[in-house]
Structure formats: structure tokens, C-alpha cells
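Asker:
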Amino acid sequence: MKYTIDRIEEGIAVCEDSNGNHINIQLSLLPENVKEGDVISAGDSGFAVCREETDERRRQMADRQRSIFKKRT
104 MKYTIDRIEE GIAVCEDSNG NHINIQLSLL PENVKEGDVI SAGDSGFAVC
154 REETDERRRQ MADRQRSIFK KRT
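Under my numbering, the letters of the sequence shown match residues 104 to 176, in that order.
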């Protein structure tokens, strides 16, 4: 299962799955240096950051923001 880290609060990562459901995961169970917006996957050995998918989603969001602000000017 894959999740996107929505926010980090008081040692808890609030994560969202592809259906919009939220779960809370103890930050201590996640890889070091995870941050909001990272895509993580759950496997037999714990959680891992999906670096390529995270980077692609960040590119898509940056493109959307540029598109929105371009329309305003």
C-alpha cells in the first residue's frame, strides 16, 4: 500500500492513501528525514520512501501552480 505524507504533527505522520483515507503512523516507524509530500510504501520490512514517485508528484504540483498563476497574469 502507498501513502502520501499529508502532515507531521507531534511525532505522528498523518498519511493519505489513494482513496483519500487517512491513517496516522508513528514517525519513529518511518525512514529518517521523511517530510510532508513524500510518498511512502508499506512492505514486509517496514516503510520506504518512493523517491521517483515523490519527485514526479512534486513536479506535477509545481506545473499546476505555474499554470494557475500564469492564467491570473
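Built from N, CA and C at the ideal position, the CB exists for glycine as well.
Since we're looking at a predicted model, the values are computed, not measured.
Is the beta carbon of threonine 107 sitting closer than 7 Å to the one on valine 142?
Answerer: Looking up residue 107 in the sequence shown gives position 4. Looking up residue 142 in the sequence shown gives position 39. The answer is yes: Cβ separation under 7 Å.
Asker: With distances taken Cα to Cα, identify the nearest neighbour of asparagine 136 among Gln163, Ala116, Met104.
Answerer: Along the sequence shown, read from residue 1 onward, the residue named residue 136 stands at position 33. It is Ala116 whose Cα lies nearest to the Cα of asparagine 136.
Asker: If I measure Cβ to Cβ from glutamate 119 and keep anything under 7 Å in the same chain, skipping five residues before and after, which residues do I get?
Answerer: Here residue 119 corresponds to residue number 16 of the sequence shown, with the count starting at 1. So the qualifying residues of the chain are Tyr106, Thr107, Asp109, His125.
Asker: In terms of alpha-carbon separation, which member of Arg154, Asp147, Glu113 lies closest to methionine 104?
Answerer: Numbered from its first residue, the sequence shown carries residue 104 at position 1. Taking only the C-alpha atoms, the option nearest methionine 104 is Asp147.
Asker: What are the start and end residues of the beta strand (DSSP E) that includes glycine 149?
Answerer: Within the sequence shown, numbered from 1, the residue matching residue 149 stands at position 46. Looking at the DSSP string, the run of the beta strand (DSSP E) that includes glycine 149 is 149-152.
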